[in-house]
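Written out below as C-alpha cells is the structure these notes cover.
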Amino acid sequence: MESLAKPIKKIVDWATSFSLWPVHLMTACCGCELAVTYAPRLDTERLGSLPFTHARNTNTVIIEGAVTKKMARALKVTYEQMPHPKFVIGMGACAIDGGLFYNSYNLVKPWKVVPINNYIPGCPPRPEALTQAVYALQKEIREKELASYKFLGFLSRRGKKEKESS
C-alpha cells in the first residue's frame, strides 16, 4: 500500500487544492463580500472554488459572523456532514473573536467548535482577502499534504478492515 501511495500523494493534493467547494455559514455579516468574491471581477471559481448550499457536497466551510450558542450546534453538524478532507475559513472579525460582540454571554469561539485552517481579518474583510485565503489554503494543502494524508489513511484503514473480515 505504501509503494502505491507515494506516487499519488501529489496528485491527490493537487486535485483537492483545486476543488475547494465551500458552503458558507452565515450568522451575521460579510455575505456581500462573499458574493463579490465569486462575481466576474474576482472570479474565484477559476481557482476551483465553487460555492454550494449543502454540506454533503462540500469540503470547505466559510464562517461569516459571530457564532452564537445556538449556531454552534449547526456549525458542528455542518462540519460533521462534510466529506474528508475538511477545511474551515473564518471570515471577518466576528468569526475570529466575536467582533463588536466579543464580550457577549451568548457567543462561542468558533475554534472551540471546529478546527479553523485560515482566518481573514477585517470588518468587513475585502473580497480580495477571501481570494487570498483560498490561495493560501491551496498552498497549505499542497505543501503539508493535508488532503492525501487523510485520503490515504482512509484507504489503509479500509484495507485492514477487508483483511480482518477475510
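Numbering (this note's numbering), first residue to last: 692 to 857. Idealized CB from N, CA, C, for every residue including glycine.
Residue pairing of Tyr-810 in beta bridges, as defined by DSSP: Gly-781. Sixteen is the threshold: since fewer than 16 other Cβ atoms of the shown chains lie within 10 Å of the Cβ of Cys-723, the residue is exposed. Pairing Val-779 with Asn-808 gives a Cβ-Cβ distance under 9 Å. In the three-state reduction of the DSSP assignment, Thr-749 falls in the coil class. Around the C-beta of Cys-814, fewer than 16 other C-beta atoms lie within 10 Å, and the residue is accordingly described as exposed. Within the DSSP bridge table, the entry for Thr-759 names Leu-798 as partners. Here the segment 770-777 does not lie against the segment 720-735, with fewer than 3 beta-carbon pairs under 8 Å apart.
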